[in-house]
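Heads up: the structure comes next, in structure tokens.
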Amino acid sequence: MIIEMTDVNKDYIQGKMTVPALKHVNLQVEEGDYLAIMGPSGSGKTTLMNIIGLLDVQTSGTYLLDGNRVDTLNDSALAVLRNRLIGFVFQQFNLLPKLSAQDNVALPLLYANVPKKERRERAAAALEKVGLADRMNFRPNQLSGGQCQRVAIARAMVGGPKLLLADEPTGALDSKSGEQVMELFSQLNAEGTTIVLITHDQKVSTYARVTRHIFDGELR
Amino acid sequence: MFENIALAFQGIWSHKLRSFLTMLGIIIGIGSIIAIVSTIKGTNEQIKENLIGSGNNTVSISIYRGDSPMSFDYEGVPDGLTQITEETMSKIQALKEVAAATKYVERTYSGNVFRGDTAYNGAVRGIEPDYFSVAGYEVYLGRTLEDSDLAGYTKVAILDATAAATLFPNENPVGKTLEVAGEPFTVAGLVRKSSRFEPVIKTFKDYNTYMSRSAGEIFIPSAVWPVVYMYDEPEKVLLRATDTDSMTDAGKKAADILSGTVTAQDITYRSEDLLEQAKKLQDLSSSTNKQLIWIASISLLVGGIGVMNIMLVSVTERTREIGLKKAIGAKKARILRQFLTEAAVLTSIGGLIGVGAGIIMARVVSGMSGAPMAIDVTASAIAVAFSMVIGIVFGFIPAVKASNLNPIEALRRD
Ligand SMILES: Nc1ncnc2c1ncn2[C@@H]1O[C@H](COP(=O)(O)OP(=O)(O)O)[C@@H](O)[C@H]1O
Ligand SMILES: [Mg+2]
């Protein structure tokens, strides 16, 4: 079991008000699964992904990632786990504008203290895999949105994570680029990567093997 | 680490104008300090050179009663103070700080030298032939003093230019006669300080400092001294140290050896330490300029605050980048290091440019005012290192702010 959430709640404190963003969430994801989480805007999708991705901590309940309790780990241990276990794909790509595609992809390896030569080789291989071997030295502003998202996917995969977390990965793309991205995900899942995909697009969710729905912080 | 530095350079280069403006405070601060230091150093070296004479390094050792120099012409020679023996001279010459030494007798103000009705009031010295080589004099007209002059009690005199100008204005003195205590002396030659040493005189103060010692010099063989002055008159010693920095030691050790031969109460040999005198003058000129350094430091403080300000702006601008880096596994410490490196690289470059600007400033000022300047490598290195420290100190708050950014907040922002 890679993700095991039991009775997870997340409250945001806003002034004197408590805003419950997640309510009694139970979620199990096996290794190799491909799960889509669908829900309208403001339903708590991003909140859930942040907790799964160790960027945020639940208010109550237990969360085991790859069998480990993570709510007691310190900042630096969490950084290491994120680096080793998880690849992130965001709606806005979040590439560093000053770096080439290759350097962007190599970034997680830098934080894993991989030597420079190996970083460059592995980044090149990852870019080749997403079909951008010929765009290695392009900067993000020289690439289309679909190409940027594929660079971001290469960056998410370069360290060989068990889990790929994607928050609205096609949200900023035209439908053709979106399809390319989704096909890439299917291929990665076929090769064994567990994928949790967050979307409000019905068509996108059809690529997943399982779809769960979230409404108002409740996961069904 | 090198990657961080390389990245920092990239970041600075891609914001050339902003980086330059940020560095400006540091550049001005370091620049003024280096300019001041270069001027201080230049002045100091010139003082040292003027007083000591580069490569000459002579120290003179005189006889004191209590704290005042003795003059035998009216005090007489006290018991317990004798002439210097050859053995004592060998001991002095054997000191490792001493390159050469010679003994001589002296009247600082001679009242008994005339040529016709013209009186001469400069110094008269009874010397041995090696005096000129120890003192760094060269004969430029006529001949020098020889051993035969001492052996034969020849009444010859060697003059410096001032003495010659006083007694023999507008004529060649060599071969002419002057009188010392009524005895005729033939002028054998004229000497001057070797051309290596030429004090640089720019102000009246300089003139007083360096020129007051040259009221004229006349040299006669020490063998004939008793004929015109006194028998068995105790000698002074002139020595040349092996190098400038040994002058103090050479003088002190030789004076100790000489004082050891004295049995008279209250009488000692003392070295006239030009190096120490030079240091006193240097301290005087430095202390005024050091105040200026404090003022320049304020500019550095302002520069540091400027760096902090820009770094804070930079952290805000790069919130998204920081959030992303943390999300994909960068630890706090790494983000902290990144920003500290950036600040340190920025201010170090500022420091380097400042050192360059300071040297140019000093050159320009020196060119316009004639004040000397010299590049101080140590001070320059310290200045650059100090700039780096400023970067680290003032970059610390922004760097902490960056490393504490919450990645969720950072990524949410658009
Ligand atoms: N930092 C926050 N502070 C307060 N409320 C928040 C915060 N983040 C999210 N929320 C609230 O939590 C709920 C879920 O938000 P989110 O997880 O971003 O939804 P989604 O991604 O599905 O659009 C929303 O009502 C949102 O306003
Ligand atoms: Mg969302």
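Listed in order, the protein sequences are those of chains V and P. Straight run, no breaks: the first sequence in my numbering ends on number 220. Straight run, no breaks: the second sequence in my numbering ends on number 1414. In this text, a Cβ means the ideal position worked out from N, Cα and C, and glycines have one as well.
Can you tell me whether DSSP reads residue i as helix, strand or coil?
| i | result |
| --- | --- |
| residue 150 (chain V) | helix |
| residue 1088 (chain P) | helix |
| residue 108 (chain V) | helix |
| residue 1062 (chain P) | strand |
| residue 1325 (chain P) | helix |
| residue 198 (chain V) | strand |
| residue 1398 (chain P) | helix |
| residue 1266 (chain P) | coil |
| residue 220 (chain V) | coil |
| residue 17 (chain V) | strand |
| residue 1212 (chain P) | The predicted position of residue 1212 (chain P) is uncertain, since its pLDDT is 48 and thus under 50; a value taken from the coordinates is nonetheless stated next. Residue 1212 (chain P): coil per DSSP, three-state reduction. |
| residue 75 (chain V) | helix |
| residue 158 (chain V) | coil |
| residue 96 (chain V) | coil |
| residue 85 (chain V) | helix |
| residue 141 (chain V) | helix |
| residue 5 (chain V) | strand |
| residue 172 (chain V) | coil |
| residue 1083 (chain P) | coil |
| residue 1375 (chain P) | coil |
| residue 1119 (chain P) | strand |
| residue 1218 (chain P) | strand |
| residue 1246 (chain P) | helix |
| residue 1097 (chain P) | coil |
| residue 1109 (chain P) | coil |
| residue 1163 (chain P) | helix |
| residue 103 (chain V) | helix |
| residue 38 (chain V) | strand |
| residue 1131 (chain P) | helix |
| residue 1054 (chain P) | Summary for residue 1054 (chain P): the model assigns pLDDT 48, below 50, so the residue's position carries little reliability; its value from the coordinates is reported in the next sentence. If DSSP states are grouped into helix, strand and coil, residue 1054 (chain P) belongs with coil. |
Buried or exposed: which applies to residue i, given that a residue is buried once 16 or more other Cβ atoms fall within 10 Å of its Cβ?
| i | result |
| --- | --- |
| residue 19 (chain V) | exposed |
| residue 1119 (chain P) | exposed |
| residue 1280 (chain P) | exposed |
| residue 72 (chain V) | exposed |
| residue 1125 (chain P) | buried |
| residue 1247 (chain P) | buried |
| residue 1341 (chain P) | buried |
| residue 17 (chain V) | exposed |
| residue 82 (chain V) | buried |
| residue 1094 (chain P) | exposed |
| residue 1212 (chain P) | Any answer about residue 1212 (chain P) is weak, because its pLDDT of 48 lies below 50 and its placement is not dependable; what the coordinates show is given next. Exposed, by the Cβ-count rule. |
| residue 1013 (chain P) | exposed |
| residue 1054 (chain P) | Reliability fails at residue 1054 (chain P), whose pLDDT of 48 lies under 50, so the model's placement of it is uncertain and the value that follows must be treated cautiously. Classification for residue 1054 (chain P): exposed. |
| residue 169 (chain V) | buried |
Our contact map puts residue i next to residue j with C-beta atoms below 8 Å; I'd like the distance itself, whole angstroms only.
| i | j | result |
| --- | --- | --- |
| residue 35 (chain V) | residue 29 (chain V) | 6 Å |
| residue 1254 (chain P) | residue 1239 (chain P) | 6 Å |
| residue 135 (chain V) | residue 147 (chain V) | 6 Å |
| residue 1123 (chain P) | residue 1217 (chain P) | 5 Å |
| residue 1326 (chain P) | residue 106 (chain V) | Contact doesn't hold; Cβ gap of about 17 Å is too wide. |
| residue 1185 (chain P) | residue 1127 (chain P) | That pair is no contact at about 14 Å. |
| residue 1030 (chain P) | residue 1395 (chain P) | In fact, because the Cβ distance is near 17 Å, the residues do not count as touching under 8 Å. |
| residue 1298 (chain P) | residue 1033 (chain P) | Not confirmed; about 11 Å, so no contact. |
| residue 1244 (chain P) | residue 1057 (chain P) | 5 Å |
Looking at residue i: is its Cβ nearer than 9 Å to the Cβ of residue j?
| i | j | result |
| --- | --- | --- |
| residue 154 (chain V) | residue 130 (chain V) | yes |
| residue 1221 (chain P) | residue 1149 (chain P) | yes |
| residue 1234 (chain P) | residue 1059 (chain P) | no |
| residue 1139 (chain P) | residue 1076 (chain P) | no |
| residue 189 (chain V) | residue 195 (chain V) | yes |
| residue 1329 (chain P) | residue 111 (chain V) | yes |
| residue 1375 (chain P) | residue 1041 (chain P) | yes |
| residue 979 (chain P) | residue 1011 (chain P) | Not covered by the structure: residue 979 (chain P). The range shown for chain P is 1001 to 1414. |
| residue 166 (chain V) | residue 93 (chain V) | no |
| residue 1229 (chain P) | residue 1115 (chain P) | no |
| residue 1312 (chain P) | residue 1397 (chain P) | yes |
| residue 1137 (chain P) | residue 1191 (chain P) | yes |
| residue 1391 (chain P) | residue 1027 (chain P) | no |
| residue 171 (chain V) | residue 216 (chain V) | no |
*Looking at C-beta atoms only, is the number of pairs between the stretch 1254-1269 of chain P and the stretch 1163-1173 of chain P that lie closer than 8 Å three or more?*
no
_Using 8 Å as the cut-off, can you tell me whether the stretch 45-53 of chain V makes contact with the stretch 201-213 of chain V, which would need three or more C-beta pairs spanning the two stretches below that distance?_
no
*Any contact of the stretch 1338-1355 of chain P with the stretch 1382-1397 of chain P, i.e. 3+ C-beta pairs under 8 Å?*
yes
*Do the stretch 105-122 of chain V and the stretch 1329-1341 of chain P touch if we need at least three Cβ pairs shorter than 8 Å?*
yes
*Taking 8 Å as the threshold, find out whether the stretch 1084-1096 of chain P comes into contact with the stretch 1064-1073 of chain P through three or more Cβ pairs.*
no
*Does the stretch 53-69 of chain V come close enough to the stretch 1015-1025 of chain P to have 3 or more Cβ pairs within less than 8 Å?*
no
*Going along the stretch 39-71 of chain V in order, which residues come within less than 7 Å of chain B, judged by CB to CB distance?*
Protein chains V and P are contained in the structure displayed, whereas chain B is not.
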